[in-house]
Amino acid sequence: MYEQGTEVTRALSKRVSSILDVVGYSQEDRNRRLRCVTGWEFFCNIGNLFKPGRILKKYIFGSRGEGSTGPGLKSDQDILGESDKIRVVTNISDCQPDKLNCLMVYDEGTHPGYVKLQIFDFQPGGAPNPRVHVQDQVSSCFIEDSYGRTLISNKLFPSIFPDKFSGPAVNTKHKIKEISRDYVTVLRCERWPNEAQEWFQRHRRYGWPKSQDVQNARRDCCFATGVGHPQSDAKNFEWRLSFSFTERALIRSFEDTVMKVYILLKMIKVTHIKPVLGDAFASYNCKVCMLWMKEKTPPELWRTENLLYCLHLCIKQLYEWVNNGCCPDYFIVTNNIYDRKLYGPNRIKLIKILGNLLSKDCRQMLYTLKCCNLGQLLQQDFSNVDIIRNSKLINRNVTLEILVDYQTYIEESAKCRIEMLRYIPQNITNLTLCIRQIMHSMQDAPPTLKIDAHHVLLSLLSRVGFCIVSECKENIQSLSQEDVEYRKTLATKCLSLGINTDATSVRLKLCALGTMFGNYNFTETRLQEIGDHRMRYICSCKTNKSYTLKCNMAFNLNKFKTEKDSTKDLLQNQTSFSVIYLPSEISITPTALKMEMYRSICAPPALRDEEKHFWYDWAVVDSLMCLHFFQYLNFLMLKNERHKMASVEKMLQVIRTEPYIPNRETELNLLGYCLMRESQVKNAFICFKKSMTTCPHHNAAKFHLGIMFQKFHVARLGR
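Read in order, the letters of the sequence shown are residues 1 to 719 in the UniProt record's numbering.
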């Protein structure tokens, strides 16, 4: 292909590296992606922590979990769910009571890298015993083999959750960009299997991975994935061993040049291999190649000027493996990963493709790369990479990728917030216990996760503050003046901290309190300040994917690209969650929103799914609509007719210009309520009618219509 030390390849290597930086593969871009991934995992698992009977602990693996993807690669998002109900052990002594214990077993038909799982029953006070019979309702998930062992099927999760799983993985699509999400449920193995112990004892000439990383791998353990070997006679009862945690940690430790070689290898796969072989040659093959090459080569080789030479070595290594028909797995060397799909005609085709790549001049090979238009950019004579950076196409691709990363992060933050509202009893004692629990669990956490934990704590503190105010208002007659002042001080401290949960939602509820307690001028000023803020809408209550994000590409992307705490700024200053009132806060809820909490009265119970419609007992309203509604209430008390009607007009404008606004029936009800207060009965009736059309049954519009008809009937009787 070319020699390592030629000036041409050195110069071209530097140029390729610079262009990769510009099109979204710089170290800063990768760190941002990883920051969003770690935040997603934290919010997801903290939210699940409060669920009764929770089953899965979730992680993001694959290219997005490693930070090895970007614009043009269209990598899947592999979400792994770890079940905490089943314990996989290598020794019977590791079994625990009150869990389904599975022992790793092998026989002559078990392929390397795969295991079978034998079930052991372990009751408290007894000893682990092999299970000899199975329950009828899940009997299809178990089988007794020729050795008399009761084995568990890798179809266990589809059998238990038929509406959620349809195989090893469930695939969905992302909202902003067509990104596939693969959900895989796995079992955690408490110890590494015996056949993988060689990895810990392996001699490493160049000191990679570091000894500390090797020791950390013991702590991370591994997983058993519900996939059997394709050539096995018992593929439904085999489980593939996965070392995803260790793989992810090692890939994340790659230096800049190593990661860029990995990315170029993926681009070659997308451009040259996938159109011919489809999914037969997976990105995992590139990953295994990079792990072996990083371990076998000196660290000084991986410099920017050697980028293309290192790429050549990796392609050459792949060619040798394919030609020999054997690629050893990085963790279990006896496991030939080419046994799965790369045999027969596919192997011959791949040999030809890799051979052609090795025979080409480096420029010819690079010019054919289509991802991010890398080939075209290399052919153009740019004297300065800033010209590429400022091009509209590159800006759009990088911007869209940033939005996808941040949407994933914000989405899980919003869902975490809802899980806490839903499952934590909304009283001061329970909220305080949850705050202490989170603070204790995050004592030894890395700084990035502490930022996310800080956001969760702010959300809980705001709930504590509102609970104090609500309880104080309900029991005001029985409280002494001293108690009232103490609670007022405590609530003020909690709310002053919790106000930074997001850009507007807590601030809006504080403004509503200001109106309720007669502080109208102060409330007017604060509402005006909020109104000057550009809002993004987040709601985790409604829509088929449990969230809605309307994101404006005009917000400060350059700031997010450079700042280390950009996710913190994104949540606190750029995101507006929906305003939510719970039944525990009914004493401080505006009248029109109180009605929303009773929307299910007289509605057919069969039309309510408690898993999806839990929020029917809440009052949930979009932040922008809530702003104008609270402005109306405040101007109503100030008797400011001009500004009051201007607020109504703004509410109407939101209804007209935001067709995808969440909880639309609530917004229509609020507008109708304001119009009815202004004696615009006909227009109010139109709003309530549209609201009932949007949501015919679980809708508070029926109360508004009832009040309207009652007033009409009373007025008619009076006449």
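Using N, Cα and C, we set each Cβ at its ideal position, and we do this for glycine too.
For the 9 Å CB-CB criterion, VAL23 and GLY70 form a contact. Closest in C-alpha terms to SER17, from the list GLU41, LEU308 and GLN212, comes LEU308. Beyond the five residues adjoining it in sequence on each side, GLY375 comes within less than 7 Å, by CB distance, of LEU366, TYR367, THR368 and LEU369 in the same chain, given in chain order. For GLY325, the number of other beta carbons within 10 angstroms of its own is below 16, and it is reported as exposed. Bounds of any beta strand (DSSP E) do not take in ARG202, whose DSSP letter is neither H nor E.
Between the segment 41-59 and the segment 104-113 there are fewer than three C-beta pairs closer than 8 Å, too few to call the two in contact. Sequence-distant Cβ neighbours of CYS372 in its own chain, meaning closer than 6 Å and more than five residues away, are VAL23, PRO71 and GLY72. Cβ contact annotation for TYR581 (same chain, cutoff 6 Å, sequence separation greater than five): THR589, LEU593 and ALA619, in chain order. DSSP links CYS102 through a beta bridge to VAL88 and ILE119.
Scanning the segment 610-641 from its first residue to its last, the whole alpha helix (DSSP H) runs of 4-plus residues come out as 623-638. C-alpha of ASN154 to C-alpha of LEU291: approximately 28 Å in a straight line. Here the alpha carbon of ILE143 sits roughly 18 Å from the alpha carbon of ARG87.
Burial state of ILE119 is buried, judged by a 10 Å Cβ sphere holding 16 or more other Cβ atoms.
Looking at LYS266, LYS682 and ALA217, the one whose alpha-carbon comes closest to that of ASN285 is LYS266. Of GLU585, LEU156, VAL404 and GLN380, the smallest CA-CA separation from PRO425 is found for GLU585.
Under a 10 Å Cβ-count criterion, ILE707 is classified as exposed, with fewer than 16 other Cβ atoms of the shown protein chains found around its own Cβ. Of all C-beta pairs linking the segment 453-470 to the segment 486-497, three or more are shorter than 8 Å, placing the two stretches in contact.
Excluding five sequence positions before and after PHE688, the CB atoms of its chain that fall closer than 6 Å to its own CB belong to GLY672, ALA701, HIS704 and LEU705, given in chain order. For GLY355, the closest alpha carbon among the candidates PRO328, HIS312 and GLN574 is that of HIS312. By the neighbour-count definition (other C-beta atoms within 10 Å, threshold 16), GLN574 is a buried residue. Bridge partners of ILE152 according to DSSP: PHE142.
Boundaries for SER232: no beta strand (DSSP E) harbours it, and the DSSP string shows neither H nor E there. Bounds of the beta strand (DSSP E) holding ALA224 are 222-225. The Cβ atoms of PHE50 and GLU419 lie closer than 9 Å to each other. Going by beta carbons, PHE630 and CYS511 fall inside the 9 Å limit.
Nearest neighbour of SER244 by Cα position, chosen from SER146, LYS415, SER63 and CYS314, turns out to be SER63.
Contact fails between the segment 260-279 and the segment 223-235, because fewer than three Cβ pairs, one in each stretch, are under 8 Å apart. In the structure shown, the three-state DSSP call for GLY81 is strand. Cβ-Cβ distances below 6 Å link SER587 to SER470, LYS473 and GLU474 in the same chain, with the five nearest sequence neighbours on each side left out; the list follows chain order. The beta carbons of LEU431 and LEU460 sit about 6 Å from each other, so the pair counts as a contact at 8 Å.
ARG599 sits close to ASN699, with the two beta carbons spaced by under 9 Å.
When Cβ pairs closer than 8 Å are counted between the two stretches, the segment 341-360 is seen to touch the segment 268-288, the count reaching three or more.
Straight-line spacing of the CA atoms in LYS415 and ILE353 works out to 45 Å.
For TYR114, the three-state secondary structure derived from DSSP is strand. For VAL276, the closest C-alpha among the options THR257, GLU641 and ARG347 is that of ARG347.
Selection GLY67, ILE268 and GLU482 evaluated against GLU255 yields GLY67 as nearest (Cα-Cα).
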